[in-house]
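Novice: Residue numbers (the working numbering): 1 to 236.
Positions of the beta carbon are idealized from the N, C-alpha and C atoms, including for glycine.
Set out below in structure tokens:
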């Protein structure tokens, strides 16, 4: 069994699994969705504010027309007040009361307009702030999208390169060794453990001195007494 080749194959498989995990994490990441949802929420908020501003403008127009009509009614009443028609105190008092009511309605309409103008100014400020947020979130989304696509492209390129290395290496691995490797990989994701300074890289436990000496000769297959992995000693 060529442990050197199998150890290299194991390393390439681990690298491939790591890339596959990263790709899965990227696909499952919801950062882009968060930005999309936030953008949509802000857009809806912006549209609602625009609608409120339109309604506000309509209400202002209604109040302004109301004031025009009240001014017209006041003018007509004042003309009657000073005309020959008003020939009694009772009629004069009636017209003056009418003028007072018209003036009260006008003041109320003017107060409403002031409130509507203040409200419109606040809505305009909200629109400016929301638009800034929309621009910011859009930039974040596009940046995140580009970053994700770049990462995926790089990982896919690495994956293709690794697969080519695995395919090339497999040509040198004999069938029997590969079958043993496949059986062991069901127990450990890394069934072949490199031994350095008498330490098994799989379980981090010390390899007995006799096993270590036998391993260095390379004459027989050795298993770690602790984890069962095949031990591999790389000669200097």
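#1: Nearest by alpha-carbon distance to residue 123: which of 48, 105, 35 is it?
#2: Counting pairs of Cβ atoms below 8 Å between the region 96-114 and the region 12-26, do you hit three or more?
#3: Where does residue 144 fall in DSSP's three states?
#4: Quick one: what's residue 206 bridged to in DSSP?
#5: Compute the beta-carbon to beta-carbon distance between residue 23 and residue 172, rounded to the nearest angstrom, for a pair I have assumed lies under 8 Å.
#6: Which same chain residues end up closer than 6 Å to residue 134 when comparing Cβ atoms and leaving out the 5 residues on each side of it in sequence?
#7: Tell me, please, whether the region 54-67 touches the region 111-130 by the rule of three or more beta-carbon pairs shorter than 8 Å.
#8: Measuring CA to CA, which of 202, 203, 195 is closest to residue 209?
#9: In whole angstroms, give me the CA-to-CA distance for residue 225 and residue 137.
#10: Just checking, does the region 151-169 make contact with the region 58-78 on the three C-beta pairs under 8 Å criterion?
#11: Quick check on residue 202: buried or exposed, where buried means 16 or more other Cβ atoms within 10 Å of its Cβ?
#12: Would you please state the rounded distance, in angstroms, between the beta carbons of residue 192 and residue 10? I believe it to be under 8 Å.
#13: Could you give the first and the last residue of the continuous beta strand (DSSP E) run that contains residue 178?
#14: Contact defined as beta carbons within less than 8 Å: I believe residue 229 pairs with residue 200. What is the distance between those atoms, to the nearest angstrom?
#15: For residue 12 versus residue 185, is the C-beta distance shorter than 8 Å?
#16: Closest to residue 50 by C-alpha separation, out of 130, 67, 101, would be which residue?
#17: In the structure shown, what three-state DSSP assignment does residue 233 receive?
#18: Do residue 222 and residue 214 count as a contact pair if the criterion is CB distance below 8 Å?
#19: For a quick check, are the C-beta atoms of residue 26 and residue 143 less than 8 Å apart?
#20: Would you call the CB atoms of residue 70 and residue 105 closer than 8 Å?
#21: Would you decide whether residue 72 is buried or exposed? Buried here means 16 or more other CB atoms lie within 10 Å of its CB.
#22: Run through DSSP, which three-state label would residue 223 get?
Specialist: Quick look at the numbers:
#1: 48
#2: no
#3: helix
#4: 199
#5: Contact doesn't hold; Cβ gap of about 28 Å is too wide.
#6: 42
#7: yes
#8: 195
#9: 57 Å
#10: no
#11: buried
#12: 5 Å
#13: Run containing residue 178: none in the beta strand (DSSP E); it sits in the alpha helix (DSSP H), 175-185.
#14: 7 Å
#15: no
#16: 130
#17: coil
#18: yes
#19: no
#20: yes
#21: exposed
#22: strand
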